[in-house]
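The structure appears below as structure tokens.
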Amino acid sequence: MVLKYSSHEGMHPKLSKLGGKQWTKTKASVRMRIKDLSDRLIALYAQRQQSVGFAYEKDSEMQVSFERDFPYETTRDQQKAIIDTKFDMENERPMDRLICGDVGFGKTEVALRAAFKAVLNGKQVLYLVPTTVLARQHYYTFKERFDKYGANVALLSRFVTSKKQKEVLEKLKKGYVDVVIGTCLLYTSDAADE
Numbered sequence: 004m005v006l007k008y009s010s011h012e013g014m015h016p017k018l019s020k021l022g023g024k025q026w027t028k029t030k031a032s033v034r035m036r037i038k039d040l041s042d043r044l045i046a047l048y049a050q051r052q053q054s055v056g057f058a059y060e061k062d063s064e065m066q067v068s069f070e071r072d073f074p075y076e077t078t079r080d081q082q083k084a085i086i087d088t089k090f091d092m093e094n095e096r097p098m099d100r101l102i103c104g105d106v107g108f109g110k111t112e113v114a115l116r117a118a119f120k121a122v123l124n125g126k127q128v129l130y131l132v133p134t135t136v137l138a139r140q141h142y143y144t145f146k147e148r149f150d151k152y153g154a155n156v157a158l159l160s161r162f163v164t165s166k167k168q169k170e171v172l173e174k175l176k177k178g179y180v181d182v183v184i185g186t187c188l189l190y191t192s193d194a195a196d197e
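Here's what the structure looks like:
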């Protein structure tokens, strides 16, 4: 398929003749950059294979009870994602998993169960979302499910006052907050300093 070239900055492409010196040089340069990238990826994955992380405990009665609180039946794919995620968490190798799915397909329940497992194992959870509206929605979902078990859930977004943000960060630093739901505010310079 041939498409019209368009540039965002109005720059004109530099053309070279197929088989010419410039074309050969460009191909060699691209090959070298691809090889360099693949070498770095291989080294990274080899390093990951050697890394030892925290192995979470098998599901406790409280985890099972938490999962029973889900008011719907899990789908086959959702159940597979939950099982695979928890298997990864129980392994000593650091987890490297991405959960993908359309809106309404149950990704939040997978995250809730993983977060609860982390909290039961004494870990804090930062749950990053792209928008303030979604942050608030997830905050209420997490809070509703976690309150019954005494877990502390907090919200960090631009809709939270500066005073409350500082309070949440201080509590997080002291270990009084188990789960923080937030937007990019979670990794801004102010939050990163904490």
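In the working numbering, the protein residues as written are 4 to 197. No residue lacks a Cβ here, since even glycine has one placed at the ideal position from N, Cα and C.
Which residues mark the beginning and the end of the beta strand (DSSP E) in which isoleucine 102 is found? Taken as a continuous stretch (DSSP letters only), isoleucine 102 belongs to no beta strand (DSSP E), as it is neither H nor E.
How far does the beta strand (DSSP E) with leucine 131 in it reach, from first residue to last? Per DSSP, the unbroken beta strand (DSSP E) holding leucine 131 starts and ends at 128-131.
Roughly how many angstroms lie between the CA atoms of phenylalanine 145 and arginine 43, to the nearest whole one? Going by the C-alpha atoms only, they are around 38 Å apart.
Count the other CB atoms within 10 Å of the CB of glutamine 66; is the residue buried (16 or more) or exposed (fewer)? Around the C-beta of glutamine 66, 16 or more other C-beta atoms lie within 10 Å, and the residue is accordingly described as buried.
Of all the options Arg36, Ile45, Ala121 and Val171, which has the alpha carbon lying nearest to the alpha carbon of methionine 92? Ala121
For arginine 79, the nearest candidate out of Asp150, Leu18 and Lys110 (CA to CA): Lys110
Give me the Cα-Cα distance between phenylalanine 3 and valine 113, rounded to the nearest whole angstrom. The structure shown does not extend to residue 3, since the chain is modelled only from 4 to 197, so the question has no answer here.
Whole-number beta carbon distance between serine 41 and threonine 3, since they are thought to touch under 8 Å: Given that the chain is displayed from residue 4 to residue 197, the structure contains no residue 3 and the question cannot be resolved.
Classify valine 182 as helix, strand or coil using the three-state DSSP reduction. strand
With distances taken Cα to Cα, identify the nearest neighbour of threonine 186 among Glu60, Arg34 and Leu129. Leu129
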